[in-house]
Amino acid sequence: GASERVKHVMECLPEICTLDCGTMNFAEADYVMTNTPGMLRAMGGMMTELGVKPEIEAFDTGHLWFAKQLVTEGVLKPDALVQLCMGVPWGAPDDLNTFMAMVNNVPKDWNWSAFSLGRNQMAYVAAAVLAGGNVRVGLEDNLWLDKGVLATNAQLVERAVNVIENMGARVIGPEEVRKKLGLVKRAPRA
43 GASERVKHVM ECLPEICTLD CGTMNFAEAD YVMTNTPGML RAMGGMMTEL GVKPEIEAFD
103 TGHLWFAKQL VTEGVLKPDA LVQLCMGVPW GAPDDLNTFM AMVNNVPKDW NWSAFSLGRN
163 QMAYVAAAVL AGGNVRVGLE DNLWLDKGVL ATNAQLVERA VNVIENMGAR VIGPEEVRKK
223 LGLVKRAPRA
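Here you go:
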């Protein structure tokens, strides 16, 4: 249940915690990621009560629709944080029309970022910046720096910083991110 799935959040008290905002057939495996509306309401409510900011992971526009409902119901705070997850089979494909449909469904007062998998990761760094959002990169989404060359997180971040700065945008540091997102750094419970 929801308590089981949020137990580690209660113990660690992270600043941010993922809330996958819907059920979907997930990736190439024969796997269904199950997140019922009731479970999402319970988990989102627990995170909010703990002072942990849910990072809504939206794999399609329906997930954004439900996330807006969670804000309307008071389960999540109005200044929500959402990650637009592009190119994850079988969620939103990573084409620009779908991406812009996702962007256009994010409320104006929410903070959002986006990513795509593998070879499209850096293209979506640029797309997110152009669309007014933030970015996500890392080994969770892409193992490769170049064809046949394994990456490190540091290399992917460095490449993303280069893309962002070459576009005339600014990279912000951890303290500015905490302030922008209203995060509170705390120690885990003993």
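Count along the sequence shown from 1, add 42, and you get the number used in my numbering. Ideal placement from N, C-alpha and C gives every residue a C-beta, glycine not left out.
For residue i, the residue or residues it bridges with in DSSP
i	result
S155	Q125, N176
P96	C59
M75	M66
L21	In the structure as shown, the chain starts at 43 and stops at 232, and residue 21 therefore has no counterpart that could be examined.
V167	Answer is none; V167 lacks a bridge partner.
V191	D188
Residue span of the alpha helix (DSSP H) that contains residue i, given as start and end
i	result
L198	195-208
W107	103-114
L185	Taken as a continuous stretch (DSSP letters only), L185 belongs to no alpha helix (DSSP H), as it is neither H nor E.
N146	138-146
R47	44-54
P135	Note, P135: premise wrong, no alpha helix (DSSP H); not H, not E.
R220	216-223
Rounded separation between residue i and residue j - CA only
i	j	result
W186	L55	31 angstroms
M66	A134	11 angstroms
P216	M85	26 angstroms
V203	E218	16 angstroms
V145	V130	16 angstroms
E53	G190	39 angstroms
G43	A196	36 angstroms
M164	A122	25 angstroms
W154	G175	6 angstroms
A193	G80	39 angstroms
N237	L126	No information on residue 237 is available, as it lies outside the stretch 43 to 232 that the chain covers here.
P149	A173	13 angstroms
V226	R47	22 angstroms
W132	N77	15 angstroms
L181	Y73	21 angstroms
F101	V177	16 angstroms
E57	A109	19 angstroms
Would you check if the stretch 61-68 and the stretch 90-108 touch, i.e. whether three or more CB-CB distances between them fall below 8 angstroms? Taking a cut-off of 8 angstroms for Cβ pairs, the stretch 90-108 and the stretch 61-68 touch, as three or more such pairs fall below it.
Taking three-plus beta-carbon pairs below 8 angstroms as touching, is the stretch 109-127 in contact with the stretch 77-92? yes
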